[in-house]
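Per this note's numbering, residue -8 is the first one in the sequence shown, and the count goes up by one each step.
The beta-carbon is built from N, C-alpha and C at its ideal position, and this holds for glycine as well.
These figures come from a predicted structure and were not determined experimentally.
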Amino acid sequence: MKTATADQYKKETFPVEGMTCASCASSIESMLRTVEGVEEANVNFAGKMVQVAYAPKQVNPGLLRDTLHEIGFDLLIEQHTEEELESRQAAALASLKTKTIVAALLAFPVFVLGMFFHNAFSWGNWAMLAFTAPVLLWAGRHFFVNAWGQAKYLRANMDTLVALSTGIAFAFSVFNTVYPQFFLSRGLEPHVYYEAVAVIIAFILMGKYLEEGAKSRSSAAIKKLMGLQPKTVRVIRNGVEAEIRIEEVRVGDSVLMLPGDRVPVDGEVVSGTSYVDESMLSGEPLPVQKQTGDLLFAGTINQKGSLQLIARKTGGETMLAHIIKMVQEAQGSKAPVQKLVDKIAGIFVPVVLVIALLTFAAWLVLGGQAFLSQALVSMISVLVIACPCALGLATPTAIMVGVGRGAEQGILIKDAESLEHAYKANAILLDKTGTITTGKPAVTDVVWAQGIDRQQELEQLFYSMEGKSEHPIAQAIYTYYKEQGMQAKEPAYFNSITGMGIEADFDGERFYAGNQKLLKQEGIAIADHLLQAAQQLQQDAKTAIFFADKQQALGVFAVSDPIKPAAAEGVKQMKDAGLEVYMLTGDNAQTAAAVARQVGVEHFEAELLPDDKASFVKKLQAEGKVVAMVGDGINDAQALATADVSIAMGHGTDVAMDVAGITLMRSDLMQVAAAVNLSRATVRTIRQNLFWAFIYNVICIPVAAGLLYPFTGFLLNPMIAGAAMALSSVSVVSNSLRLRGVKI
-8 MKTATADQYK KETFPVEGMT CASCASSIES MLRTVEGVEE ANVNFAGKMV QVAYAPKQVN
52 PGLLRDTLHE IGFDLLIEQH TEEELESRQA AALASLKTKT IVAALLAFPV FVLGMFFHNA
112 FSWGNWAMLA FTAPVLLWAG RHFFVNAWGQ AKYLRANMDT LVALSTGIAF AFSVFNTVYP
172 QFFLSRGLEP HVYYEAVAVI IAFILMGKYL EEGAKSRSSA AIKKLMGLQP KTVRVIRNGV
232 EAEIRIEEVR VGDSVLMLPG DRVPVDGEVV SGTSYVDESM LSGEPLPVQK QTGDLLFAGT
292 INQKGSLQLI ARKTGGETML AHIIKMVQEA QGSKAPVQKL VDKIAGIFVP VVLVIALLTF
352 AAWLVLGGQA FLSQALVSMI SVLVIACPCA LGLATPTAIM VGVGRGAEQG ILIKDAESLE
412 HAYKANAILL DKTGTITTGK PAVTDVVWAQ GIDRQQELEQ LFYSMEGKSE HPIAQAIYTY
472 YKEQGMQAKE PAYFNSITGM GIEADFDGER FYAGNQKLLK QEGIAIADHL LQAAQQLQQD
532 AKTAIFFADK QQALGVFAVS DPIKPAAAEG VKQMKDAGLE VYMLTGDNAQ TAAAVARQVG
592 VEHFEAELLP DDKASFVKKL QAEGKVVAMV GDGINDAQAL ATADVSIAMG HGTDVAMDVA
652 GITLMRSDLM QVAAAVNLSR ATVRTIRQNL FWAFIYNVIC IPVAAGLLYP FTGFLLNPMI
712 AGAAMALSSV SVVSNSLRLR GVKI
């Protein structure tokens, strides 16, 4: 009975060691929920953590740890730093790698002796026993430990299948090695199955190692997000400047920001002017001007000016902390494919055990003179032919081939969960900046006034002026001319006019560069054709910059984030693949509409913050859509983690790529449809493999039990059973290899 009231429960998160599959997570949850005083337990399999809500008066962490020890898992209740946890995980992965390598090296000679030199040497069986024993008893020991822990609570998973099949096959083989006369005296061959034992364990260890290696990187996104926050902060308290740890900052503190500093907290500017790179929030490449009264967010980067701000939100209340929390929660998902395998295994093992026992009993009762040996052989045949090798290989082989095929095309797939959801995806969301566009502001258009006869000289002056400005648009123009080898000229006078542009003197002549408002203020004339050109550029979502002397506008320049050349074709291919395409952006509605129109996207959402993008993902999911999100920035991490399948552009931030299940190394939108098609083909192959592995057992187990003997006199030899088991594995691998030729 759970007698505690809701407000008496304490919620705590603990690291868990020993989880190897989705059914392990399920076992941990169900075991902890049976403890009196535990209200809820939720496992984050990717993060290897469990969150437990429990009543401290009824249960303590030590009891929770002891409960999990009973089924083979370890709950780390002591406080551990992130570095300590990483060290433990690295040690466990290194141990698994060692066991995998040793098992593979020992399995090879066993396989050669058993398959090609059977009975060729009198000492062959003893040699295979010597090689197989360490594979089973050392490298595969944890399969038996975990299977026993599950069996005590009438549970079964893949470890149970491995332990039963290899354990019985090994024991039978050892018996026939030590006492071959038992079967020889009854006219039967004393077969051994060491090669099956060694190879099965080696293959499964290899799959576990690859899986654990991928999972160990799943927390990298969180670490990088946490790295966006500085460790120390400069504050002014009681009129004295001091440098303190980030954890010591309080709401209301006055924080100093120097050029290049990362903003440590969410706050409001109280003095100073600067440009701040907010791409980690908005995704937009152009830094935003900040002055008194404007808001700043933790993790963004101050550029060239100095600022003073008042802390409004600190620690876990900042927008950055909120993004980190959302990514952590979204990463707790479980792979549907593996869940399917564990469900099959959970049903399959008890059924095979019952069939094996019934087979033994039936032969004892109905068998002839050699009833005991026939009963033993038939029971062993059932257990050997029901070996989970094909079932265990069904998923990892298809994934390995599919991932390899994708890598050849520049598509990196991280996990089975992404494959499964991409197979069913019907809606795809594209971030604008860096995904549809290049993410780098550049000069796209140059229109000079009619009749200008000294264009080259004017270009040099314009270039020299823009080189003096800190504005990001000015930097794009400066870069444009610098790449052409232009030489700068030092102005006699330079001044920045906030919100409008700049002015400078060269050889006694005044020039201006800025928006239309600046020219209007200075009474400078703008020719109609330049005015019309500027209006058209703005309609195309480009920023128009005028260059003028004191009398007239000399030219207009357009700066924008160019659309990628293959973006429109990529969108078309997504539609052809049956995907409903949406564009999400933090940019304004006018720019969003222009970009969407140019690439053929009918649905778009503008002026979105990271929370808004994630909310839009949830909205589509609530409508029953399976959502794929494509992004490249930190601002996309929350939406990427919330989506059913996440796709990152290869040139994007490390955070986006770590969160994403699929990464497109060429950052080409045409690869999105290819990734979805590859995922569909791979998951289809996985399901075919699982189907045939299951059907193989449905057909072969009755034959191994002796179903055909009353009608044909045929009794399956255990060696044939072993060959049939091997054939099932070969068929699964061969089917997976067909993915190499799939057109994507």
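Between which two residues does the beta strand (DSSP E) holding residue i run?
i      : result
Pro6   : 1 to 8
Gly622 : 618 to 622
Met119 : Where Met119 is concerned, there is no enclosing beta strand (DSSP E), although the alpha helix (DSSP H) it sits in stretches over 115 to 125.
Gly492 : 492 to 497
Gln299 : 298 to 304
Asp654 : Note that residue 654 is Thr in the sequence shown here, rather than Asp. Run containing Thr654: 653 to 655, per the beta strand (DSSP E) assignment.
Met565 : Per DSSP, Met565 belongs to no beta strand (DSSP E); it is in the alpha helix (DSSP H), 558 to 567.
Ala525 : Taken as a continuous stretch (DSSP letters only), Ala525 belongs to no beta strand (DSSP E), being part of the alpha helix (DSSP H) at 519 to 530.
Ala639 : 636 to 640
Val246 : 245 to 248
Leu59  : No beta strand (DSSP E) contains Leu59, which is instead part of the alpha helix (DSSP H) from 52 to 60.
Leu145 : Counting along the chain, Leu145 falls outside any beta strand (DSSP E), and DSSP gives it neither H nor E.
Ile464 : Note, Ile464: premise wrong, no beta strand (DSSP E); alpha helix (DSSP H) at 463 to 473.
Residue i bridges to which residues according to DSSP?
i      : result
Val279 : Val267
Tyr573 : Leu420, His594
Thr223 : Arg236
Glu31  : Ala44
Trp439 : Gly546
Thr534 : Val550
Tyr484 : Asp496
Asn293 : Val267
Ile192 : Its beta-bridge partners do not exist; DSSP assigns none.
Ala162 : None; Ala162 has no bridge partner.
Alpha helix (DSSP H) containing residue i: first to last residue?
i      : result
Val674 : 661 to 696
Leu449 : 446 to 459
Lys431 : It is not in any alpha helix (DSSP H) - Lys431 carries neither H nor E in the DSSP assignment.
Thr489 : Thr489 -> no alpha helix (DSSP H), and no H or E assigned at all.
Val608 : 601 to 613
Leu67  : No alpha helix (DSSP H) holds Leu67; DSSP gives it neither H nor E.
Leu775 : Summary: the structure shown does not reach residue 775, with the chain confined to residues -8 through 735, and so no result is reported for it.
Leu403 : Run containing Leu403: none in the alpha helix (DSSP H); it sits in the beta strand (DSSP E), 402 to 404.
Hey, does residue i have any beta-carbon neighbour from chain B nearer than 9 Å?
i      : result
Gly458 : This model lacks chain B altogether, as it is built from one protein chain only.
Buried or exposed for residue i, going by 16 or more other Cβ atoms inside 10 Å?
i       : result
Ala(-3) : Low local confidence applies: a pLDDT of 49 at Ala(-3) is under 50, so the model's placement there is unreliable, and no value is given.
Gly577  : buried
Gly9    : buried
Met119  : buried
Arg396  : buried
Asp150  : buried
Ala85   : exposed
Ser78   : exposed
Glu27   : exposed
Val101  : buried
His462  : buried
Pro556  : exposed
Pro47   : exposed
Thr223  : exposed
Met(-8) : Any answer about Met(-8) is weak, because its pLDDT of 39 lies below 50 and its placement is not dependable; what the coordinates show is given next. It counts as exposed.
Lys601  : Strictly speaking, residue 601 in this sequence is Pro, with Lys absent from that position. Label assigned to Pro601: buried.
Lys431  : exposed
Ile338  : exposed
Lys423  : buried
Leu104  : buried
Gln523  : exposed
Met106  : exposed
Would you grab the beta carbon distance between residue i and residue j for me? Rounded to a whole angstrom, and I think it's under 8 Å.
i      : j      : result
Val261 : Leu286 : Contact doesn't hold; Cβ gap of about 12 Å is too wide.
Thr168 : Trp117 : 6 Å
Leu410 : Val621 : Actually they are not in contact, since the Cβ atoms of Leu410 and Val621 sit about 16 Å apart, beyond 8 Å.
Ala433 : Tyr471 : 7 Å
Val592 : Leu660 : Going by Cβ atoms, the distance from Val592 to Leu660 rounds to 11 Å, so no, they are not a contact pair.
Lys533 : Asp436 : 7 Å
Val267 : Pro255 : So it is not a contact: roughly 13 Å between Cβ atoms.
| query | Three or more C-beta pairs closer than 8 Å, one from the stretch 93 to 102 and one from the stretch 47 to 56: is that the case here? | reply | With the rule of 3 Cβ pairs closer than 8 Å, the stretch 93 to 102 does not count as touching the stretch 47 to 56.
| Inter-stretch contact (C-beta, 8 Å, three-pair minimum) for the stretch 557 to 568 and the stretch 523 to 543 | Segments in contact, no.
| request: Pair every Cβ in the stretch 413 to 420 with every Cβ in the stretch 667 to 678, then say whether three or more of these pairs are closer than 8 Å. | output: The stretch 413 to 420 is in contact with the stretch 667 to 678.
| message | Under 8 Å, with one C-beta from each stretch per pair, do the stretch 600 to 619 and the stretch 563 to 583 reach the 3-pair mark? | response | The stretch 600 to 619 is in contact with the stretch 563 to 583.
| Are three or more beta carbon pairs between the stretch 220 to 239 and the stretch 178 to 195 nearer than 8 Å? | With a cut-off of 8 Å, the stretch 178 to 195 and the stretch 220 to 239 do not count as touching, because too few Cβ pairs lie within range.
| task | Kindly confirm or deny that the stretch 625 to 642 and the stretch 440 to 457 touch, where touching means at least three C-beta pairs closer than 8 Å. | result | No, the stretch 625 to 642 does not touch the stretch 440 to 457.
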